[in-house]
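A short write-up of the structure that comes next.
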Amino acid sequence: MGKHKLNIDTSQSSLDYNNSTLNTQHSTLSQILDIQNLSTGYDKKQVLFGVSLQVQKGETVLLVGSNGSGKSTLLKTIFGIIPLWHGAVSFQGNTLHSYPKLKTPHSKLIMKKMMYLPQKDELFEDMNVQENLEISILHLRDAQKQKQLLAQLFEDMSVLKDKRQQLASQLSGGERKMVSLGMALLNKPNLLLFDEPFAGLSEDNIDMVIRWLETIKQNGTTLVIIEHRIKKLLNFADRVVGLKLGRLYTDNLQTINDIKQFLV
Ligand SMILES: Nc1ncnc2c1ncn2[C@@H]1O[C@H](COP(=O)(O)OP(=O)(O)O)[C@@H](O)[C@H]1O
Ligand SMILES: [Mg+2]
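In terms of the working numbering, the sequence shown has 259 at position 254, counting the first letter as 1, and numbering is strictly consecutive.
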């Protein structure tokens, strides 16, 4: 990681919230995630109905929808936490899950470079920041490499270095989010599924999260982000897709007005 100095130069970023339009500059793309006709739910209650979505490598997709539309369920199903009722999920050209089986448990997906950050982070409360970060890269099984990655992260994210001995249970919401982002930076996933990165954060913290998301994106990570704070992310996203009553709509969500109309 030494040569991958994290870049938080925001001068190149397009955080112009008032004049939000989609960032549509794609480079040459190839498919990283392919969801085909996915249906699922809980017990007898169906939540997702025939969802199909293809995500290109390097893309940032913003997933919108009103509460209960099935957004979190979709990310959980991609990550193999919830079984499929129908359909298939492929990642980097391989089928991960197809009805009726979760072929790849989520514990294995991190090694395949897929990462999921749930809305409510799952930090180990009685461990400190450094220990939580270390656990997120245990799967690398290379102590030297783990040490190096952590040292680099502390250099890049001084807030984590300053708090490294502090217990997770004693962190503020913003600091907890920084730990989650630190995990994403350490792991450099090919695909990051992020459920409501701004939930419970102040405006300042939201801007900080966006800057780190920019860095993660610049590292080449493909992002699927659920957020209600659409204006904040519209410049950052390449594409917006919407869920309504468990059905996915992928067309005509270009502007804030399109999205507002979709949400009502
Ligand atoms: N663990 C669960 N058990 C039963 N029903 C659930 C569970 N999680 C979510 N649901 C239901 O599934 C629907 C979709 O929820 P969710 O995917 O969390 O929506 P969103 O993230 O868009 O708000 C809602 O009706 C919700 O009540
Ligand atoms: Mg949700």
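For each residue, glycine too, the CB sits at the ideal point set by N, CA and C.
Check: Distance between beta carbons of Gly85 and Leu101, contact taken as under 8 Å; Outcome: 7 Å
Check: At least three beta-carbon pairs within less than 8 Å, the segment 154–168 to the segment 107–118; Outcome: no
Check: Residue environment, Tyr47, which counts as buried when at least 16 other CB atoms sit within 10 Å; Outcome: exposed
Check: Beta carbon proximity, Ser44 to chain D, threshold 9 Å; Outcome: Going by chain labels, chain D is absent from the structure shown, which holds only one protein chain.
Check: For Gln171 and Val134, believed in contact at Cβ under 8 Å, the rounded distance; Outcome: 6 Å
Check: Close-in-space but distant-in-sequence residues of the same chain around Ser44 (CB under 8 Å, 5 per side omitted); Outcome: Gln51, Leu53, Phe54, Gly55, Val56, Leu89, Trp90, His91, Gly92
Check: Every unbroken alpha helix (DSSP H) within the segment 111–166, with a cutoff of 4 residues, ordered by chain; Outcome: 111–114, 134–141, 148–161
Check: Per-residue burial, Lys152 [other beta carbons within 10 Å of its own, 16 or more giving buried]; Outcome: exposed
Check: Spatial distance of Glu136 from Leu176 (CA atoms); Outcome: 14 Å
Check: Backbone secondary structure at Ser272 - three-state DSSP; Outcome: The structure shown does not extend to residue 272, since the chain is modelled only from 6 to 269, so the question has no answer here.
Check: Between the CA atoms of Leu186 and Trp217 - distance to the nearest angstrom; Outcome: 7 Å
Check: N- and C-terminal bounds of the alpha helix (DSSP H) containing Val184; Outcome: 178–192
Check: Classification of Ala189 by the beta-carbon crowding that lies within 10 angstroms, buried from 16 upward; Outcome: buried
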